[in-house]
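Heads up, the thing below is written out as C-alpha cells.
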Amino acid sequence: MTTNPIIQIINLKEDQIEFSLTGADTSMANALRRIMLAETPTMAIDIVEIETNSTVLHDEFLAHRLGLIPLAAPQPIVEAFNYSRDCHCDDMCPACSVRFDLDVHCDEETMEVTSRDLLSNNGDVGPAISATEDQADGRGITIVKLRQGQELKLTAYARKGVGKEHAKWQPVCISTYQFEPNITINFALMEELSVQQKNEWVESCPRGVYKMNALNQVNVDDKLKYAPGPFLLSLVVGRDIFTCGRGELFQSLVQGSYVFMSGGLE
Amino acid sequence: MNKPDSDEMFVLDVGEKKITVERDQRIQSAATFNIEKEDHTLGNLIRMQLLQNPAVLFAGYKVPHPLKYNVLVKVQTDHDQPIQAFKSAVSEVIKQTCDLQEQFKEQVHAHKHFNPGAVGEY
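Respectively, the protein sequence lines represent chains A and B. According to the numbering used here, the first sequence is numbered sequentially starting from 6. According to the numbering used here, the second sequence is numbered sequentially starting from 603.
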C-alpha cells in the first residue's frame, strides 16, 4: 500500500522556495527537511593562514568569522569539488578547495574590511551577496574594522562540507514545513450571526485567514496563514475566536499534506 | 586529545561496515539491523516504510546513544524473511525519492521557463 508522493512548487525565487508535498508520510517530509539543513554540501572557508594581524580581533576570532561567511557557488560546481579527505592531493588543490586572499592596510582614519575584500582564485565561487544588496556600492559582510595603521593579511581556503559537520556549511537559513490546513466553516451556524458579528469574527483571527465576501459571507482567504505549527500560535488563534464567543464556527483538519518553506541569505 | 573528528558523524571508520544484521536468537522471524553513521533522518524513514508492509508485525528504530552515530532497526515479520522485508522497504524509499527528485527537476525547469532570471542555478 504505497501512494505516490507529489511535489508542487508554489513559489520559486533566487534565494527562497516554497513547495507542497502530498501523498507522503511525515517521515519523508522530515527527512527532506533534515537533509536540506544538514546534509547538502556547500563551500565554506575552513583553513586560514594569517600572515599579519594587527586588528582588534585575535586570529582565531577572525578565522571563525571568515568561516561563517556564506559562499555562493552553483550546485553543479559544488558537486564537482572533491571532499578534502577524498582528494588525490596531499593537502589542498584546486580540485578540492578554493583559495581566498585578503590583504588590507588602513590608511585613512577607519576602514571596514568586508567580504568584498576577499579575492577568490576560482571565478565560480565567491562571497555571497544578498539579493537586496547587489549594487556596486553594496558593502558586503563586515569582517573587522580597522584603525589607521592596522593591517590584515591572510590566505583562506574554502572546502566542501555539510551542515552536520559545522553550521557554516548549512545551505539554508530556514527549512520548515507545516501541515497543509483544511479549514471548513460551519455555514449553518455562521448564518445565525449578524453581519457585524461576522465582521468581528473575521477580524478576531490574528493571522488574516478569513475574509468577508460581497454577499456578506465568511470565506477562507488564505488557508496557509493558519499555520497551526507552534503550539502557542494555535492557542492564540483559538483564544481569539473563543473570545468572540463562537469557537464552534470553524474546524480545521490537518491532512497528510505538507507545505515547505526553505530559504537563505536573509 | 579527547575531541572526536568532526566528520565522524558520517564517515565510516576503517573496517566498519555500513550495515550489519543480527537475527534474533529466540524469535525466528525477527532481526535487528545496525546502520553505522546514520541518524533519525534515515531510521525514521525506513521504519515508517516497513510499517506499510502488511507482512511486518513489528518495526521499530532507535538511536542507542546521541554521541554514537548509528541506528538500530528491529523488524519482525510473519514469514521468516525480515531481511527481505527490510530490502523491499529500502527499495521503495529509494524509488519514491528518485521520483520526487525527477518531479522537482521538471518543476524547476517549468518555473524557469515562465520567469527567466528569477531563479538561480540548479
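In this text, a Cβ means the ideal position worked out from N, Cα and C, and glycines have one as well.
Sequence-distant residues of the same chain with beta carbon closer than 7 angstroms to residue i, five excluded per side
i      : result
A/T57  : E156, L157 and K158
A/R244 : Residue placement at A/R244 is flagged as unreliable, the pLDDT there being 33, under the threshold of 50; the coordinate-derived value follows with that caveat. The answer is none, since no qualifying residue turns up.
B/L653 : A661
A/P79  : D129
A/I74  : I50, S120, P132 and I146
B/N646 : Y663
Contacting residues, own chain, Cβ-Cβ under 6 angstroms from residue i (five flanking each side not counted)
i      : result
A/A161 : I50, V53, L71 and F105
A/W174 : T47, A49, G166, V167 and G168
A/N87  : A100 and C101
A/S89  : C101 and R164
B/E610 : none
B/E618 : E638
Exposed unless 16 or more other CB atoms sit within 10 angstroms - verdict on residue i
i      : result
A/E65  : exposed
A/G131 : buried
A/R152 : exposed
A/I15  : exposed
B/I696 : exposed
A/S59  : exposed
A/T115 : exposed
A/F184 : buried
B/R625 : exposed
A/S199 : exposed
B/V623 : exposed
A/E208 : exposed
B/M603 : exposed
A/C111 : buried
B/V658 : buried
Which of helix, strand or coil DSSP assigns to residue i
i      : result
B/D680 : coil
A/A34  : helix
A/H69  : helix
A/F86  : coil
B/G554 : For chain B, the structure presents residues 603 to 724; residue 554 of chain B sits outside this window and is missing.
B/A657 : coil
B/V710 : helix
B/V692 : helix
A/I50  : strand
A/N204 : helix
A/S120 : helix
A/I146 : coil
A/I190 : strand
A/Q155 : coil
B/E624 : strand
A/R104 : strand
A/S209 : helix
A/C94  : coil
B/I685 : helix
Cβ distance (whole Å) where residue i is taken to contact residue j below 8 angstroms
i      : j      : result
A/I82  : A/T119 : The pair is not a contact, with the Cβ atoms about 23 angstroms apart (cut-off 8 angstroms).
A/L26  : A/A163 : With 8 angstroms as the limit, A/L26 and A/A163 do not qualify as a contact, their Cβ atoms being about 33 angstroms apart.
B/S608 : A/E170 : 5 angstroms
B/N672 : B/E638 : 5 angstroms
B/T699 : A/R39  : The pair is not a contact, with the Cβ atoms about 13 angstroms apart (cut-off 8 angstroms).
A/F24  : A/I11  : With a Cβ gap of about 10 angstroms, A/F24 and A/I11 do not count as contacting.
Neighbourhood of residue i by C-beta, 8 angstroms cutoff - its chain only, sequence neighbours within 5 removed
i      : result
A/N360 : Past the edges of chain A, shown from 6 to 271, lies residue 360 of chain A, and the structure says nothing about it.
B/K620 : L614, I637, E638 and K639
Is there contact here, the segment 676-683 of chain B with the segment 626-645 of chain B, by at least three beta-carbon pairs under 8 angstroms? Flag = yes, the segment 676-683 of chain B and the segment 626-645 of chain B touch.
Taking three-plus beta-carbon pairs below 8 angstroms as touching, is the segment 698-716 of chain B in contact with the segment 662-673 of chain B? No: fewer than three Cβ pairs fall under 8 angstroms.
Can at least three beta-carbon pairs, one atom from the segment 188-195 of chain A and one from the segment 84-95 of chain A, be found at a separation below 8 angstroms? At 8 angstroms Cβ cutoff, the stretches do not touch.
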